[in-house]
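Peer 1: For this note's numbering, add 5 to where a residue sits in the sequence shown, where the first one is 1.
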Amino acid sequence: MSKAKHYDVLIVGGGLAGLGIAAGLADLPVRVGLIEAGALGADWPALGEGVSDYDPRVSALTAASQQWLAALGVWEAIAGTRLCSYTDMQVWDAEGTGEVHFQAGDVNADSLGHIVENRLIIAALAERVAEAANIYCLEHSPVAHMSYAGGAATLELEGGKRLEADLLIAADGANSRIRQWAGFKTREWDYGQQAIVTTVKMTESHACTAWQRFLPQGPLAFLPLAASDAPDRYCSIVWSADVNYGAELMALDDAAFGEALASAFEHRLGSVEAISRRFSFPLRQRHAVDYIKPGMALIGDAAHSIHPLAGQGINLGFKDVAVLQDEIRRALDKGLPLGSEAVLGRYQRRRKGDNLSMMAAMDGFKRLFAQQALPVRWLRNTGMRWVNEIGPVKRQLIRRAMGLG
Ligand SMILES: Cc1cc2nc3c(=O)[nH]c(=O)nc-3n(C[C@H](O)[C@H](O)[C@H](O)COP(=O)(O)OP(=O)(O)OC[C@H]3O[C@@H](n4cnc5c(N)ncnc54)[C@H](O)[C@@H]3O)c2cc1C
6 MSKAKHYDVL IVGGGLAGLG IAAGLADLPV RVGLIEAGAL GADWPALGEG VSDYDPRVSA
66 LTAASQQWLA ALGVWEAIAG TRLCSYTDMQ VWDAEGTGEV HFQAGDVNAD SLGHIVENRL
126 IIAALAERVA EAANIYCLEH SPVAHMSYAG GAATLELEGG KRLEADLLIA ADGANSRIRQ
186 WAGFKTREWD YGQQAIVTTV KMTESHACTA WQRFLPQGPL AFLPLAASDA PDRYCSIVWS
246 ADVNYGAELM ALDDAAFGEA LASAFEHRLG SVEAISRRFS FPLRQRHAVD YIKPGMALIG
306 DAAHSIHPLA GQGINLGFKD VAVLQDEIRR ALDKGLPLGS EAVLGRYQRR RKGDNLSMMA
366 AMDGFKRLFA QQALPVRWLR NTGMRWVNEI GPVKRQLIRR AMGLG
């Protein structure tokens, strides 16, 4: 058997979290290996202007994520492409009159966040990683097997190459094989829902507002996209629906789906003029009981996956990345072993509580809005009106949604 190649840090997964931590370690005195099963997405995509020219996966990046990307030096590249800065957030209940309207002006900010296509964030991070002399990228290299004993992991890639590291970072997504091979325990449950995503062009302006309507079968979000040919009319849709209803929606032709969509949204943005291909994702909440083992750390969706209703998934992932980056720098300054409990324990303590409280809040929202009982409907509608009217409560919620609270 060939000798395993050694790195200081190995990252498995070149999605947003994996590329994020790699970019965060660029030019530090560590030898980093980044392993991705597919392509790393380093090429900047051409930005056409039809509904099918948008990435169906977009992220609502909070101010906290924006600040971190700016500190990495990649925000400017993203901002130079295509993004929509949203100034308002409008949330309402399909079963009543409760409505909350958040405005950037409420907290003296210029925007509440930015809607960005995932492929653009990926291209900017991959560009930063490619420039770094200390990072070695292995694309099209799925990890086929891992052995883990005594705090040391050895990875075997498809094709037989073997790798090991002082610190292994699992950024291989919600179904992380690394997490499973290492025997991390998780708490998880199926929401019994799927999220349908697509891009639409509406007949009316999105008004730079992130819209969300809570329907009995699940929340429906219209996220505003930037465009130059039809300003303010392109939106990314995330429609979370119970599995059976979701399957019915997926089976509709485009015209019928467009009508169902506009009607479920009370025609607030008019009707659907054009629609791209639909994709659906099963929704499952999952949280690793621990994020660390000796020599190993989980980040991003490998550590936690959350209902997309508040668009917090990768924002939490980027917070993990920022903290782990900080702890690795600190360990290098102090000469501590990167895979030690002294280093990784601090990462886990700083991130787990924050992730847990956001996941609990999203789960609570999801369950609260699924309730049909009259007293619960009355309570949540009254609650929404109350939140909308009480300034300090509203401002605190806005700051939390911006990742600053
Ligand atoms: C419908 C929907 C809408 C969402 N909207 C938002 C939003 O508005 N805002 C937000 O913050 N979040 C949102 N999210 C969540 C967000 O998309 C995820 O949190 C984020 O993509 C997770 O990034 P990640 O890098 O942790 O994992 P992933 O993006 O899953 O990346 C994992 C990477 O690991 C690679 N990999 C897997 N296995 C292996 C292996 N064995 N060997 C090598 N490589 C491997 C994969 O190829 C992949 O590139 C949404 C999610 C969904 C489903």
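C-beta atoms are modelled at their ideal positions from N, C-alpha and C, and glycine is treated no differently.
Since the model is a prediction, treat every value here as computed from it, not as a measurement.
Strictly by DSSP, which residues pair up with G223?
Peer 2: Per DSSP, L220.
Peer 1: What do you get for L361, buried or exposed, if any count of 16 or more other CB atoms within 10 angstroms of its CB means buried?
Peer 2: Classification for L361: exposed.
Peer 1: According to the neighbour-count rule (16 or more other Cβ atoms, all chains shown, within 10 Å of its Cβ), is E193 buried or exposed?
Peer 2: Exposed, since its Cβ has fewer than 16 Cβ neighbours within 10 Å.
Peer 1: Grab the span of the alpha helix (DSSP H) containing E253 for me, first residue to last.
Peer 2: 248-256 is the span of the alpha helix (DSSP H), which, as asked, contains E253.
Peer 1: Please list, in chain order, all residues of the same chain as G350 whose beta carbon is under 8 Å from its beta carbon, the five residues on each side excluded.
Peer 2: Once the five neighbours on either side are set aside, the close Cβ partners of G350 are I297.
Peer 1: Per the contact definition of three or more C-beta pairs closer than 8 Å, is the stretch 291-305 in contact with the stretch 151-171?
Peer 2: Verdict: yes, contact present.
Peer 1: In its own chain, which residues sit with a C-beta less than 7 Å from the C-beta of L341, not counting the 5 before and 5 after it?
Peer 2: Around L341: A347, V348.
Peer 1: Please report the distance separating the alpha-carbon of S276 from that of N113.
Peer 2: Approximately 33 Å between the Cα atoms of the pair.
Peer 1: Should S245 and Q198 be called a contact, given that it needs their Cβ atoms to be closer than 7 Å?
Peer 2: Taking 7 Å as the Cβ cut-off, S245 and Q198 qualify as a contacting pair.
Peer 1: Taking a contact to mean a Cβ-Cβ separation below 7 Å, would you say A137 touches L45 in this structure?
Peer 2: Going by C-beta atoms, A137 is not nearer than 7 Å to L45.
Peer 1: Where do the ends of the beta strand (DSSP E) carrying D98 lie?
Peer 2: 93-98 is the span of the beta strand (DSSP E), which, as asked, contains D98.
Peer 1: Is Q71 helix, strand or coil by DSSP?
Peer 2: Here Q71 sits in helix by DSSP.
Peer 1: Within the same chain, show all residues whose beta-carbon is closer than 7 Å to that of C142, passing over the 5 residues directly before and after it, in chain order.
Peer 2: Here the set comprises L39, L45, V134.
Peer 1: Which residue spans inside the stretch 18-84 form an unbroken alpha helix (DSSP H) run of at least 4?
Peer 2: DSSP runs (the alpha helix (DSSP H)) wholly in the stretch 18-84: 21-29, 68-77, 80-84.
Peer 1: When you compare the stretch 86-98 with the stretch 23-38, are there three or more beta-carbon pairs, one atom per stretch, that lie closer than 8 Å?
Peer 2: Cβ pair count under 8 Å is below three, so no.
Peer 1: Can you name, in chain order, every residue of its own chain whose Cβ lies under 6 Å from the Cβ of E332, other than the five neighbours on each side?
Peer 2: Excluding residues within five positions, the ones whose Cβ falls inside 6 Å are V348, R351, Y352.
Peer 1: Look up S310 in the DSSP assignment and give the residues it is bridged to.
Peer 2: DSSP output for S310 lists R291 as bridge partner(s).
Peer 1: Rounded C-beta distance between I127 and L21? I'm assuming under 8 Å.
Peer 2: Indeed they touch by this definition, with Cβ atoms about 7 Å apart.
Peer 1: Could you spell out the range, first to last residue, of the beta strand (DSSP E) harbouring K206?
Peer 2: Per DSSP, K206 belongs to the beta strand (DSSP E) from 191-207.
Peer 1: For L160, I'd like the list of residues in its chain whose CB is within less than 6 Å of its CB, leaving aside the five on either flank, ordered along the chain.
Peer 2: Excluding residues within five positions, the ones whose Cβ falls inside 6 Å are V148, M151, L168.
Peer 1: In three-state DSSP terms, what is G110?
Peer 2: Reduced to three states, the DSSP call for G110 is helix.
Peer 1: How many angstroms separate the CA atom of A302 from the CA atom of M255?
Peer 2: Each residue's alpha carbon lies about 37 Å from the other.
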